[in-house]
Structure formats: structure tokens, C-alpha cells
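Residue 67 in the UniProt record's numbering sits at position 67 of the sequence shown; the count goes up by one each step and never skips.
Virtual Cβ for every residue (Gly too), placed ideally from N, Cα, C.
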Amino acid sequence: MSEASLERALGFSKPFFLGIGGSGMSSLAHILSDAGLSVTGYDGKKSQVTETLEKKGVRIFSSLSEIPDEEIYDAAIYSSAIRLDSHPIASHFKKKGIRFFHRSEVLHSCFQHLTCIAVAGSHGKTTTTAMTAHILNDLGYSPSLMVGGDVAFLGGIGGRFSQGKFGVFESDESDGTFLKHKAEFRILTNIDEDHLDFYKTREKLLNAFAEFITNTSGKIVLDLDNIGIQDCLSQIQDKTRIVGFTQVSEEDWNSQGINGRHADLGLDQLVYYKIVNKFLIFRIGKEEFSFSSRFPGRHYLTNSLAAVLATQCVGVPADQAARSVSQYAGVKRRLEYIGSKHGVEIYDDYGHHPTEVKAVLSSVRELSQGSGKAVILFQPHRYTRTQNLYKDFAESLDLGETVLLLPIYSAGEDPISGVSSELIANEMKKKPNLLSGNLKSDIPILKKILSPGDVFVSLGAGNVRDWGLEFLNS
1 MSEASLERAL GFSKPFFLGI GGSGMSSLAH ILSDAGLSVT GYDGKKSQVT ETLEKKGVRI
61 FSSLSEIPDE EIYDAAIYSS AIRLDSHPIA SHFKKKGIRF FHRSEVLHSC FQHLTCIAVA
121 GSHGKTTTTA MTAHILNDLG YSPSLMVGGD VAFLGGIGGR FSQGKFGVFE SDESDGTFLK
181 HKAEFRILTN IDEDHLDFYK TREKLLNAFA EFITNTSGKI VLDLDNIGIQ DCLSQIQDKT
241 RIVGFTQVSE EDWNSQGING RHADLGLDQL VYYKIVNKFL IFRIGKEEFS FSSRFPGRHY
301 LTNSLAAVLA TQCVGVPADQ AARSVSQYAG VKRRLEYIGS KHGVEIYDDY GHHPTEVKAV
361 LSSVRELSQG SGKAVILFQP HRYTRTQNLY KDFAESLDLG ETVLLLPIYS AGEDPISGVS
421 SELIANEMKK KPNLLSGNLK SDIPILKKIL SPGDVFVSLG AGNVRDWGLE FLNS
């Protein structure tokens with residue numbers, strides 16, 4: 001699509017981003033900038049993300065007073081994190097009659113001319129989106145991409161507008177906007193009880209995912225072993241567009257009766273896999289393929305398999321996709337290695353749901369390999385999530401060896417009376433250390449706890465990464 005064609009599809013050429021430094025918003029800003037639009041934005045915090053955009057020619061303001069009154073914009077782009085009724089810049093633009101567009105609406109308009117793969121799920125969206133795009137990029141297809149993280153093969157950014165025929169994007173279920181996307185091909189990684197502040201009940205959450213599964217003209221790849229997906233499938237009559245994968249034991253792998261497993265579901269394609277010595281081996285028809293991952297943990301292997309199968313659905317040979325995914329280099333804040341100090345290896349991860357916490361702790365055990373202790377610094381994200389899931393957080397964190405807790409990161413929410421990190425601490429069997437949330441006073445405590453050979457992981461969706469960075473610089 002040409003620049004002029006994209007402008008016609010979008011209906012604007014000079015967009016202004018509210019909160020341009022956010023993960024999804026910054027990726028979308030890169031896409032529009034790549035497409036030749038004049039992009040401007042606001043963010044109250046300077047960061048490496050905003051600096052990268054500015055180097056690309058994007059102008060970014062940090063307050064309403066900095067925005068020249070004579071500046072003319074024809075669109076204001078926002079995410080669900082922006083409160084339009086109280087944001088001063090939003091109020092200013094409303095008075096000027098500027099049209100507002102949700103970021104998901106803009107993303108759909110950018111990618112509607114492409115053959116798209118959308119990735120949804122409670123966990124693993126960012127990683128799986130990046131893996132899928134990596135395969136297509138590595139094999140020369142040059143996909144357009146929107147992901148809520150910093151992708152290695154894009155030089156540390158999360159969005160690109162390209163001339164290839166494919167588009168890959170992360171489809172966020174947190175506010176229901178993922179149901180507006182029209183991607184022909186899809187991946188659903190898993191379903192867990194998250195974002196109940198929006199959906200209110202598990203039943204409504206499952207209904208939304210059921211609509212995501214069925215509302216496509218192409219195919220959808222999903223994990224048949226995930227309990228949430230199993231519950232969702234029970235609501236769906238027509239499963240003929242589903243490509244499902246399921247794990248089997250070594251004994252069942254060679255069994256004559258293996259082909260009867262899940263055969264009654266009536267899927268488009270059923271793929272069996274097994275994991276042997278950190279390799280995932282899968283079978284399509286009578287052919288076997290395999291790959292490994294640079295990252296520890298079963299979830300990296302199953303996310304890789306989903307990416308391989310989705311690219312196979314759009315015409316990529318499975319053997320080529322499997323070879324390519326083995327070289328996947330990762331996404332920032334997904335068990336990202338950020339450095340070493342005094343013999344302590346420092347990692348950072350975005351995990352902020354009990355299931356994600358559990359997966360990270362499993363991976364960390366592989367990282368430490370008995371050389372030292374694994375120390376987890378967890379920062380709860382949002383008061384509502386902590387209120388709903390504090391017992392589940394406690395159960396997951398109890399799998400850790402040494403756990404420290406920071407105060408809750410609000411993510412713009414108002415505090416809820418009686419909801420704090422202490423709720424989690426009081427439920428844990430292994431009592432954690434409660435830190436103050438003040439870097440200067442917390443770092444000396446970290447230094448006393450950490451020893452050579454230890455692995456330290458900052459974990460959460462807020463600013464918990466700053467503690468690891470500060471330790472490295474201290």
C-alpha cells in the first residue's frame with residue numbers, strides 16, 4: 001500500500017498520540033512513521049522508547065503547555081490506559097474538534113490490505129507475535145509488525161510498516177477491542193482468568209474468546225491442552241477452522257491408537273508433539289519436525305510451535321519455519337538478560353499474572369542450575385488484579401526460593417482500601433521480604449541478599465526493572 005493509499009484508508013495524515021511511550025502505542029507510532037505520516041505525540045516520561053522515536057523524526061511533548069497552539073492535527077490516537085474525560089490534552093483536542101481514534105481501530109486500518117496473523121491469549125502474546133514475525137522476516141517475506149515489546153530483529157522497536165504481503169500483530173483482549181480485528185489467520189496461546197475488571201465474570205471472558213475463535217474466515221492455531229481453551233471449545237459447534245496441537249508421551253508417540261485422540265473434535269488439523277531433551281518434536285501427517293529454543297521453559301517451546309503452525313497455514317514450509325524459530329532472539333522484558341554484577345546474573349521479565357509468574361519461576365530454576373539461589377523481586381500490577389488474584393499470586397510465588405515484594409504499581413488505577421502487597425505476603429507460606437519502593441533504600445537490602453552465583457529476576461509490568469538496573473550501576 002502506498003503512503004497516499006494508507007492516508008485514505010486511515011482518514012488522516014497528521015496524528016497525535018496520547019501516551020506515545022507505551023509499548024503498543026510506540027509500536028503503532030513506528031508503523032505510521034514508516035508509512036510516511038507526520039507523527040507527533042505526548043508522554044509524561046522520557047525514556048529510551050521516546051528517544052528512539054524522536055531520532056526517527058517524531059516530535060514528542062511532555063505537557064500541554066509545550067504544544068504550540070497553532071499546530072494542526074487531524075487525529076488523536078489513544079489507548080484504553082488514557083482517561084479521555086480527564087486528560088488535559090484530550091480535553092484541549094476535543095475543544096478543537098479533533099477526531100479521536102482508539103489504537104486498535106488504527107491498527108486494523110493499517111493492516112487491512114495484508115494477509116494477517118493476529119495473536120491473542122492471556123499470556124505469551126508478545127513472544128508468540130515476535131516469533132511468528134521472526135519466521136516470516138527470516139525467510140524473506142518482510143512482514144509488517146505490531147507487537148507490545150521491543151523486537152531484536154527490528155533493532156529494539158516493536159512496530160514496522162513494510163511492503164511485504166503479510167502482517168503480524170498482537171491482539172489485546174484486555175479491553176475487548178481484539179474482537180474488532182479481522183485477521184484471516186490467528187493464534188490463541190491460552191485462556192486464563194485475567195482482566196476480570198473489564199469482563200467481570202469468567203463466563204463473559206470465555207464468550208469473548210469463543211467469538212475470537214469463530215470470527216475468522218481462515219484458520220486459528222491453539223493449544224488443546226490449555227484448560228481455558230478446552231472450556232471455550234465446549235461452547236463452539238463448528239471447529240473446522242481450528243488447527244490444534246496437543247502433547248503426547250513417549251509411549252503414546254508410537255502407539256497405533258494415537259490418531260484417535262481429539263479426533264472427535266472435527267478440527268481442520270491435529271498436530272501431536274513431544275518434548276525430548278529440550279527439543280520439541282511434532283508430527284504433521286506422517287512427517288516429523290523438530291526445533292529447540294534459546295530460552296528455558298516449556299512455554300517457549302509451545303509458543304514456538306504455535307508460530308510455526310500459523311506460518312505453515314499461510315504457506316511457509318514447516319521444515320523451514322522450524323529451523324527459523326530455533327534462531328529466535330527474544331523480546332525485551334521476556335526473561336531478558338540485562339547484565340551481571342559481583343557474580344550475580346540479572347534478568348527482567350514482564351510477567352504480571354500468577355500463571356506467568358509460575359512459568360518464569362520454572363524457567364529461573366533452569367537458569368540458576370544450582371550454582372546459587374534464585375532471587376525474585378515481584379511488583380504487583382494494578383489494585384484490581386491484586387484484589388482478585390492475591391491468593392493465586394501467593395501460591396505461584398511460593399515456588400520461588402527467595403522472594404521480595406514491592407508496593408503495588410497502580411498503572412493509573414485509584415487505590416483500593418485494604419489492597420496492598422501485604423495481601424500476597426500474608427498468604428504466602430514462604431514469607432517474603434517487603435521492600436519500600438524507594439530505590440535508594442532498597443538497593444542496600446538487595447546487596448545484602450545477593451551473592452556470587454545467584455540469579456536475580458525483576459518481575460512485573462511496572463517499573464520493577466529499575467531495581468535491577470540500579471543494582472548493576474551501584
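In this structure, the CA atom of Ile89 is about 25 angstroms from the CA atom of Gly176.
As DSSP reads the structure, Thr115 sits in a beta bridge with Phe166.
If you ignore the 5 residues before and after Phe198, its C-beta comes within less than 8 angstroms of the C-beta of Ser174, Asp175 and Gly176, all in its own chain and listed in chain order. Contact between Ile424 and Leu397 holds: their C-beta atoms lie close to 7 angstroms from each other, under 8 angstroms. DSSP lists Tyr337 and Val457 as the beta-bridge partner residues of Tyr347. Annotation for Arg382: Ala411 and Glu413 place their beta carbon closer than 6 angstroms to its own, counting only its chain and skipping 5 residues before and after. Using a 10 angstroms sphere on the CB of Ser79, the tally of other CB atoms reaches 16 or more, which defines it as buried.
Pairing Leu196 with Asp392, the inter-Cα distance amounts to about 14 angstroms.
Inclusion of Leu145 and Arg160 in the CB contact set at 8 angstroms is warranted, their separation being smaller than that value.
Nearest neighbour of Tyr273 by Cα position, chosen from Thr311, Leu301, Pro296 and Gly266, turns out to be Leu301. Here Gly468 is buried: its Cβ has 16 or more other Cβ atoms, across all protein chains shown, within 10 Å. In this chain, the beta strand (DSSP E) harbouring Leu188 covers Phe185 to Leu188. Checking the DSSP bridge columns, you'll see Ile60 partnered with Gly41. Less than 8 angstroms divides the Cβ of Gly158 from the Cβ of Gly149. If one requires a minimum length of 3 residues, the beta strand (DSSP E) runs lying completely within the segment 183-254 are 185-188, 220-223 and 242-247, in chain order. For Tyr78, the enclosing beta strand (DSSP E) covers residues Ala75 to Tyr78. When the alpha-carbon of Thr52 is set against those of Ala461, Ser26 and Asp138, the nearest one is in Ser26. By the criterion of a C-beta distance shorter than 6 angstroms, Phe17 is surrounded in its chain by Met25, Ala29, Gly41 and Ile77, once the five residues flanking it on both sides are discounted. Segment contact: the segment 236-253 against the segment 263-271, three or more CB-CB distances shorter than 8 angstroms; contact assigned. Excluding five sequence positions before and after Trp253, the CB atoms of its chain that fall closer than 6 angstroms to its own CB belong to Lys274, given in chain order.
If you ignore the 5 residues before and after Lys429, its C-beta comes within less than 6 angstroms of the C-beta of Asp398, all in its own chain and listed in chain order.
Inter-segment contact for the segment 7-16 and the segment 60-74 is present: three or more beta-carbon pairs are separated by less than 8 angstroms.
It is roughly 10 angstroms from the alpha-carbon of Asn473 to the alpha-carbon of Ile443. Non-local C-beta neighbours of Lys56 in its own chain, meaning closer than 6 angstroms and more than five positions away in sequence, comprise Ser33, ordered along the chain. When the beta-carbon positions are compared, Ala210 and Gln237 stay at least 8 angstroms from each other.
Rounded to the nearest whole angstrom, the CA to CA distance from Pro317 to Lys286 is 15 angstroms. Here DSSP, grouped into helix, strand and coil, assigns Ala329 to coil. According to the DSSP assignment, Ala425 belongs to no beta strand (DSSP E) but to the alpha helix (DSSP H) extending over Ser421 to Glu427. Using a Cβ distance threshold of 8 angstroms, Leu434 and Asp466 do not count as a contacting pair.
Given a length threshold of 3 residues, each whole run of the beta strand (DSSP E) inside the segment 358-413 is given here in chain order: 374-378 and 402-405. Burial check for Phe279: the Cβ neighbour count within 10 Å stays below 16, so the residue is exposed. Taking C-beta separations shorter than 7 angstroms and ignoring five residues to either side along the sequence, the partners of Ser38 in its chain run Ser13 and Lys14, following chain order. Contact between Val375 and Phe456 is confirmed by a C-beta separation of about 5 angstroms, below the 8 angstroms threshold. In the three-state reduction of the DSSP assignment, Tyr273 falls in the strand class, which pools E and B.
With distances taken between CA atoms, Tyr350 lies nearest to Ala461 out of Ala322, Arg298, Tyr328 and Ala461. Segment contact: the segment 96-108 against the segment 337-349, fewer than three CB-CB distances shorter than 8 angstroms; contact not assigned.
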